[in-house]
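Asker: When we follow the working numbering, the leftmost residue of the sequence shown carries the number 4, and every step to the right adds one.
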Amino acid sequence: MDETTRRQLLRSGLAAGAFLFLQGCTSPVRRPGVRVSGQEPDASDWEFVSKKPDWLEGDRAADLPRYAPIPGVISRNAWTRAAPRTWEADPMAGVNRITIHHDGMTPFTTSSQSAAAQRLERIRRAHVSSNGWADIGYHFVIDPGGRVWEARPLALQGAHVKYNNEHNLGVMVMGNYDRQVPTNAASITLDQFVSAMMQRYRVPVSRIFTHQELRPTACPGKSLQRVMESTRSRGGVLARA
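Structure representation (structure tokens):
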């Protein structure tokens, strides 16, 4: 996908094996939630679709909201055949905040789509096998080429900020931003995608966080933290969203 097509998709569609992760960059599910002040998600924000997604099977199907796919986002089916263990995750039940992460592994700068898909699957397997979670912890992932990937289905509560996963949409940028800086493509997409999610779920900039702002951790790394501070400051893209 070229740069022009990718931006058009985002603007038009969105606006309508050693374990190498940083220890603090992920968190278990099914723990008591610490609520951030503000209104609870409005059920009218949920986007239901009639077709059951491939991963939604078994007795829990009736308990989970079915969110419409987001145009311009690469489907989960493009990088894994594994289904989430839905019985080990809570329903998301709406979004009222967004948190930004890095994966904290080795630096990752390639624009290769296949390499990004392989890295995503590595992360999912580590989260499931090593951490014992229902699925990969994040809801969406941005790669260095500026693509957005569907990770954990948005119908399921994430596992990305310990004690703070309720109603919290998790967005991860591939790479280690203590050891590299975000690519221009990733930075542009991060601004566009988070802006679109803010509008979609009516999340104000005051409720856009980085992982280290909610829990003691190095995530999302020094350089990505600076990017987030800039984009949320007066005149920044997210401040104007």
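Here a beta-carbon is modelled for each residue, glycine too, at the ideal position from N, C-alpha and C.
With distance defined between alpha-carbon atoms, name the residue in Ser115, Val230, Phe143 nearest to Ile73.
Answerer: Checked all of Ser115, Val230, Phe143; the closest Cα to Ile73 is Phe143.
Asker: Can the beta-carbon of Met177 be found less than 8 Å from the beta-carbon of Ala119?
Answerer: For Met177 and Ala119, yes; Cβs fall inside 8 Å.
Asker: Within 10 Å of its beta-carbon, does Gln215 have 16 or more other beta-carbons around it, so buried, or fewer, so exposed?
Answerer: That one is buried.
Asker: Is it buried or exposed, Trp90, if we count other Cβ atoms within 10 angstroms and call 16 or more buried?
Answerer: Trp90 should be labelled exposed.
Asker: Applying the criterion that 16 or more other CB atoms from any shown protein chain within 10 Å of the CB defines a buried residue, is Gln11 buried or exposed?
Answerer: Low confidence applies to Gln11: its pLDDT is 46, below 50, so where it sits in the model is not reliable, and the reading given next is rough at best. So Gln11 counts as exposed.
Asker: Considering only the beta carbon of each residue, do Leu241 and Thr102 sit closer than 8 Å?
Answerer: Contact: no.
Asker: Give every residue of the same chain whose Cβ lies closer than 8 Å to the Cβ of Lys225, excluding the five residues on either side of it in the sequence, and list them in chain order.
Answerer: These residues qualify, in order along the chain: Tyr180, Asp181.
Asker: Tell whether a beta-carbon distance below 8 Å holds between Leu159 and Ala129.
Answerer: Contact: no.
Asker: Given the structure, does Met95 come close to the ligand ZN, in the sense that its CB is under 7 Å from one of the ligand's heavy atoms?
Answerer: Only the bare structure without any ligand can be found here, which leaves the ligand ZN out of the picture.
Asker: Using DSSP bridges, identify the partner residues of Val144.
Answerer: Val144 is bridged to Trp152, Met175.
Asker: When you compare only the Cα positions, how much space is there between Gly75 and Glu169?
Answerer: Those two C-alpha atoms are separated by around 25 Å.
Asker: Which residues share a DSSP beta bridge with Val76?
Answerer: Val76 is bridged to Val151.
Asker: Assign Pro185 to one of two classes, buried (16 or more other C-beta atoms within 10 Å of its C-beta) or exposed (fewer than that).
Answerer: Flag for Pro185 reads buried.
Asker: In whole angstroms, what separates the C-alpha of Met231 from that of Pro223?
Answerer: Straight-line Cα distance between these residues: approximately 9 Å.
Asker: Should Gly135 go down as buried or exposed, given a rule of 16 or more other Cβ atoms within 10 Å for buried?
Answerer: Exposed, because fewer than 16 other Cβ atoms sit within 10 Å of the Cβ of Gly135.
Asker: Taking Cβ to Cβ, would you say Ala154 is nearer than 8 Å to Tyr141?
Answerer: Yes, they are a contact pair.
Asker: By the three-class DSSP mapping on this structure, what secondary structure does Leu159 have?
Answerer: In the structure shown, Leu159 sits in a strand (DSSP, three-state: E or B).
Asker: Do Ile145 and Thr192 have their C-beta atoms within less than 8 Å of each other?
Answerer: Yes; because the gap between Cβ atoms is below 8 Å, this pair is in contact.
Asker: When the Cα atoms are used, what is the spatial distance from Asp194 to Val131?
Answerer: When rounded, the distance between both Cα atoms is 29 Å.
Asker: What residue range does the beta strand (DSSP E) around Ile211 cover?
Answerer: Element bounds for Ile211: 211–213.
Asker: DSSP puts Pro94 in a beta bridge; with which residues?
Answerer: Leu159.
Asker: Relative to the C-alpha of Met108, which candidate in Gln116, Leu123, Ala96 has its C-alpha closest?
Answerer: For Met108, the nearest C-alpha among the options comes from Leu123.
Asker: DSSP three-state label for His105, please.
Answerer: It is a strand residue.
Asker: Buried or exposed: where does Asn171 fall if 16 or more other Cβ atoms within 10 Å of its Cβ makes it buried?
Answerer: With 16 or more other Cβ atoms within 10 Å, it is buried.
Asker: Assign Asn99 to buried or exposed, taking buried as 16 or more other Cβ atoms, counted over all protein chains shown, within 10 Å of its Cβ.
Answerer: Buried, because 16 or more other Cβ atoms sit within 10 Å of the Cβ of Asn99.
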